[in-house]
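See below for the structure under consideration.
There are 2 protein chains.
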Amino acid sequence: MQKIPNMESFARVSGISRPTVSKYFHDPDSVRKSTRAKIEQALKTYDYSPNIYAINQNRRLTKTIGIVVPYLADPFFAEMARNIEQRCIDAGFSPLLFSSHGRTELETDILRSLRSLKPAGVLLAPLGRSSDRDLLESFCEDVPTVLFDANVEGVGEAFVGSDNFQSIPLMVEYLCRTGEPPCFFEMAPVNPNANKRRRAYTEAMMGLGHQPHIVHVDGDGWAFEEIGHAEGIRAIEGRRFATNTVLCSNDRLAIGLLAAAYEKGLRVGRGHGCAMRIAGHDDHPFSRFTCPSLTTVAQDYEAISDHSVEALFAVIEASEEDRQRTETLFPGTLVMRTSA
Amino acid sequence: MQKIPNMESFARVSGISRPTVSKYFHDPDSVRKSTRAKIEQALKTYDYSPNIYAINQNRRLTKTIGIVVPYLADPFFAEMARNIEQRCIDAGFSPLLFSSHGRTELETDILRSLRSLKPAGVLLAPLGRSSDRDLLESFCEDVPTVLFDANVEGVGEAFVGSDNFQSIPLMVEYLCRTGEPPCFFEMAPVNPNANKRRRAYTEAMMGLGHQPHIVHVDGDGWAFEEIGHAEGIRAIEGRRFATNTVLCSNDRLAIGLLAAAYEKGLRVGRGHGCAMRIAGHDDHPFSRFTCPSLTTVAQDYEAISDHSVEALFAVIEASEEDRQRTETLFPGTLVMRTSA
DNA sequence: CCGAAATATTTACGCGGGTAAAATTACAAT
DNA sequence: ATTGTAATTTTACCCGCGTAAATATTTCGG
């Protein structure tokens, strides 16, 4: 199949003028039927596709959409990104995926290069605490941006996430009802969610008339399992868990703690002969396959990603005026498995 | 800080001609020192960066590098991609990351749009069996491509992966030496590696004078843990494992089988009181945190990604002539944990 | 079959910057 | 100071396509 270098030549061989061909590529239905037939015939005979760079250079807003997640090696974000990507494709956009890998410099680099790509919009799950707020703000002024997963107050056109103040009490209530009230196992918070979860835990416990017990451990970065494991062992050895039930700030931490308990010979579960109960939060894709399987709260991945995308499209289509920032929180659902 | 719309204006305010500024942006050292100082001074005073689309449109080879993996929700590929991304950035390229999500159509879509991006090169971990070979071939003719993880015979400028015929025998030998000879637990192969591993297993067993036992289970797609779990339970119930030791085709399958064994009340490990031993292959990032921790063969992630990138750079810099296709296999190392 | 509105196509120009070749400059050696 | 040469800078002309305005064509009521 003969390759055609540019639209000019392609227009010539299809017997149509170049601008009409250009119209066709933007919207095949915008040209006369007979014209369209001619073009599509030519498309079968010759190998041609418009040059992406030339297309975008002279257009005010491109068809690309940036997706930025803090840590792609976390299957939670990988799944989320997958969902979002698909929605964008379905809507005729070209998604570009970036991961900050938990590093502030990378996030800023990504935003910088994203800005020069002039994307139609960006879906951003920010690092959170360690994000460069000034940069974020100025970025969001240039590019329609929807935040998801982690909120940064006042930044972006919308925020979509899950409602920690609903999900954590849900779990606390369940744990209290079925056994000893839980301690809360957390690490240094990487984003606002962690803080909210701690507060939600404390409030829920107080509400039920129990004394909250927070086991706070050190550890930086995104190697949550590692932290949960190493610090879990230390916490167990130091008898830092006041009750036999531990609610972890997230599933990955719980997976680490599960490994710690196993190593220390503690049987985890709610049956007889079990020394401890462990619960998580997020319904991580691997939580079904831990031993024992992890009782957790499922975030509504799909609702969050779907709604994020829709919110972004709404912003893109709306004019500058209606820039009413919205925050949407989805409730979690209890996933009872065998660990608690 | 005042925004400057294009290079023309920027050149004017810095008192230099546009083409010289253009040169500067390609290589700051290629202009006279005094010129560079002027430009960098202006860069501090005004806000300007060249338009990406305009830059690339008229250049034969861009500075973008495509990275394509079959399934990004698999932390193995996520880690790999992270590594590769970083190397590309360090070398002054702009990596773009894509995931086929295990679907052939998506892989072809990605390759198609990648081709029109005119990337300097592409690092591709193909789906394997379900890849569109014709498309792959024609793609590789247009774009310098290095395959990694899964090979497609004869396609691309190079292949970099791990040596299944070294790693599997390593594990088989270890398992035979320390207990009952292993069965081999596998699912329908998604790529050539799976086939190689089965053959390597069979040969290794024969070589040691043992009868190979292959437990082949059904299951499509990339939900390996799910398959390992569901089919693992059936295999255990049906007593399909001829010995108490199971070598899984990969870690994710092993994670599923581990969950199955746990549910069936079978204690896994090599100590007394253990009913079975389970080993994996890949050293998946989560394998350290399974219960019990998974004995496996570590693929040399870093070596593979590093070498892939270097191979690609070599191809990019070399001329058309020296297109000697190379295959590089890295050996695995035994990671003894507690499951076998 | 006519004429006006609605569509479709063409004309003409611009976008932002790459890059060969010409012109200028710098620098070292006479 | 002069000259030769290498390094820089300019000149000049593209690239491939978007898009407003002008023109042509179709559609359709009457």
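Residue numbers (the numbering used here), protein chains in the order written: chain A, 1 to 340; chain B, 1001 to 1340. A virtual CB, placed ideally from N, CA and C, is assigned to each residue, including glycine.
- Residues of chain B whose Cβ lies closer than 9 Å to the Cβ of A:GLU225 are, in chain order, PRO1285, PHE1286, ARG1288 and PHE1289.
- Setting aside the 5 residues that flank it on each side, A:ILE16 is surrounded in the same chain by THR35, LYS38 and ILE39, each with a C-beta closer than 7 Å to its C-beta; the list follows chain order.
- A:HIS229 is classed as buried because its beta carbon has at least 16 other beta carbons within 10 Å across all chains shown.
- If only complete runs of 3 or more residues are kept, the region 1108-1151 of chain B shows the beta strand (DSSP E) at 1121-1124 and 1145-1148, in order along the chain.
- The residue among B:ARG1277, B:THR1062, B:ASN1058 and B:CYS1291 with its C-alpha nearest the C-alpha of B:GLY1179 is B:ARG1277.
- Residue state for A:ILE16 is assigned as coil, using DSSP reduced to three classes.
- In this structure, B:GLY1280 lies near B:ALA1254, with their beta-carbon atoms less than 8 Å apart.
- If you look at B:MET1187, you'll find it isn't in any alpha helix (DSSP H); it sits in the beta strand (DSSP E) that goes 1183-1187.
- Under the three-pair Cβ rule at 8 Å, the region 230-245 of chain A does not count as touching the region 322-337 of chain A.
- Rounded to the nearest whole angstrom, the CA to CA distance from B:PHE1159 to B:PHE1010 is 45 Å.
- Taking a cut-off of 8 Å for Cβ pairs, the region 83-101 of chain A and the region 1086-1106 of chain B touch, as three or more such pairs fall below it.
- Secondary structure at B:TYR1046: strand, using DSSP grouped into helix, strand and coil.
- The residues PRO1212, in chain order, have a CB closer than 6 Å to that of B:THR1202 in the same chain once the five nearest residues on each side in sequence are set aside.
- Residue pairing from DSSP places B:CYS1248 in a beta bridge opposite B:PHE1185.
- Using a Cβ-Cβ cut-off of 8 Å, A:ILE255 is close to PHE1286 and PHE1289 of chain B, given in chain order.
- By the 16-neighbour rule on beta-carbons within 10 angstroms, B:LYS1264 is exposed.
- Below the 8 Å Cβ cutoff, chain B contributes ASN1051, TYR1053, ALA1054 and GLN1057 as neighbours of A:GLN57, in chain order.
- Nearest CB-CB separation between B:GLU1079 and chain A: below the 8 Å threshold.
- Using a Cβ distance threshold of 8 Å, B:SER1030 and B:MET1007 do not count as a contacting pair.
- Sorting A:GLY161, A:LEU266 and A:TYR71 by C-alpha distance to the C-alpha of A:PRO331 places A:GLY161 at the top.
- Listed along chain A, the residues sitting closer than 7 Å to B:ALA1073 by beta-carbon distance are PRO75, ALA78, GLU79, ARG82 and PRO285.
- At a cut-off of 3 residues, the continuous stretches assigned as beta strand (DSSP E) that sit fully inside the region 1193-1223 of chain B are 1214-1217.
- The CB of A:PRO119 never comes closer than 9 Å to any CB in chain B; the least such distance is about 11 Å.
- In the three-state scheme derived from DSSP, where H, G and I count as helix and E and B as strand, A:ILE67 is classed as strand.
- Chain-order list of chain B residues neighbouring A:PRO292: TYR1262, by C-beta distance under 7 Å.
- One thing to note: B:ASP1251 has its Cβ within 8 Å of the Cβ of B:ASP1283.
- DSSP, read as helix, strand or coil, puts A:GLN86 in helix.
- Secondary structure note for B:VAL1309: its alpha helix (DSSP H) is the uninterrupted segment 1301-1317.
- Against chain B, a Cβ distance below 9 Å from A:SER99 picks out ALA1078, ALA1081, ARG1082, GLU1085 and LEU1097.
- The Cβ of B:LEU1312 sits no closer than 8 Å to any Cβ of chain A.
- Taking 8 Å as the upper bound for CB-CB distance, A:VAL155 and A:LEU136 are in contact here, some 5 Å apart.
- Note that the region 282-299 of chain A does not touch the region 53-64 of chain A; fewer than 3 beta-carbon pairs, one per stretch, sit closer than 8 Å.
- For A:ALA91, none of the residues of chain B pass the 8 Å Cβ criterion, the least Cβ distance being about 15 Å.
- Annotation: B:ASP1149 to B:HIS1272 spans about 38 Å, alpha carbon to alpha carbon.
- In the structure shown, A:VAL268 falls within a strand segment according to DSSP collapsed to helix, strand and coil.
- Counting C-beta atoms within 10 angstroms of its own C-beta, B:MET1171 has 16 or more neighbours from the protein chains shown and is therefore classed as buried.
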